[in-house]
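Peer 1: According to UniProt numbering, the sequence shown is numbered sequentially starting from 1.
Pasting in a structure now, in structure tokens, and then I'll have a few things to ask.
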Amino acid sequence: QVIAMRQLLDTAAEIASAMAYLHSRAIVHGDLKTANVMLQRQDSDPRGFIAKLADFGLARQLAGRGAEDGMLVSRIGTVTHMAPETIRDNMVLLSSDVYSFGVILWELYCAQQPFANYTAFQLLSAVVQYDERPQFPVHCPPEYAALAVRCMAKDPRQRPTFTEVRQRSR
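Listed below in structure tokens is the structure:
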């Protein structure tokens, strides 16, 4: 079931707020995906739920707090949500989580898994060599699709921060 756009934006803003908090402490989640977003019943919310982040097993605190500070990691996580720099160089940056969030935005809107017909190897090649990203349907609101596309930019420096994402989701 596809949720209403306002509900989708509120859910995206909650995820972005939680990630902004982590990033303010230089913590990379490392495996941000819809399966790691739990919905907690909340009768006072018009949606009937609030979104909470879960599974911090791959979370790491970076030594610095700058956008360019990163950490070498073994390539673990979820391939469909993995940023190109993580696939290519085993490098995780704060903006690597932003890339994963862009994939989540696509999943929330389309209500399906991205690249479902790709093998893991095909997906790794598609993302790194051919710069493929999940495509939004033509009926998707342009501002929403543009935000997700920015989040999934190949160049990590071109991705917005979660603070900016949160503001655009409200």
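For glycine and all other residues, C-beta sits at the position ideal for the given N, C-alpha and C.
As the structure is a prediction and not an experimental result, all values here were calculated from the model.
Per DSSP, F49 forms a beta bridge with which residues?
Peer 2: Taking the sequence shown and counting its residues from 1, the one referred to as residue 49 is at position 49. DSSP lists R41 as partners of F49.
Peer 1: Whose C-alpha, out of L124, N90 and K52, is nearest the C-alpha of G30?
Peer 2: Reading the sequence shown from its first residue, position 30 is the one you call residue 30. The candidate whose alpha carbon is nearest that of G30 is N90.
Peer 1: Between the Cα of F49 and those of E164, Y21, M38 and Y130, spot the shortest distance and give me the residue it belongs to.
Peer 2: Indexing the sequence shown from 1 puts residue 49 at position 49. Looking at the Cα atoms, M38 is the closest of the given residues.
Peer 1: Count the other CB atoms, across all protein chains shown, that sit within 10 Å of the CB of F162; report buried if there are 16 or more and exposed otherwise.
Peer 2: Numbered from 1 along the sequence shown, position 162 holds the residue referred to as residue 162. It counts as buried.
Peer 1: Would you mind sorting G57 into buried or exposed? The rule is 16 or more other CB atoms within 10 Å of its CB.
Peer 2: Reading the sequence shown from its first residue, position 57 is the one you call residue 57. With fewer than 16 other Cβ atoms within 10 Å, it is exposed.
Peer 1: Let's see if you can read the secondary structure: which residues bound the alpha helix (DSSP H) around V149?
Peer 2: Counting from 1 along the sequence shown, the entry for residue 149 is found at position 149. Counting along the chain, the alpha helix (DSSP H) containing V149 begins and ends at P142 to C151.
Peer 1: With contact counted as at least three CB pairs below 8 Å, one residue from each stretch, are the region 104-123 and the region 2-20 in contact?
Peer 2: Inter-segment contact for the region 104-123 and the region 2-20 is present: three or more beta-carbon pairs are separated by less than 8 Å.
Peer 1: Excluding the 5 residues flanking P160 on each side, which residues of the same chain have their C-beta closer than 8 Å to its C-beta?
Peer 2: In the sequence shown, counting from the first residue as 1, residue 160 sits at position 160. Answer for P160: V98, L147, R150, C151 and R168, listed in chain order.
Peer 1: Could you say which of A4, T80, S17 and A145 lies nearest to Y118 if we only look at CA atoms?
Peer 2: Numbered from 1 along the sequence shown, position 118 holds the residue referred to as residue 118. The shortest C-alpha separation from Y118 is found at T80.
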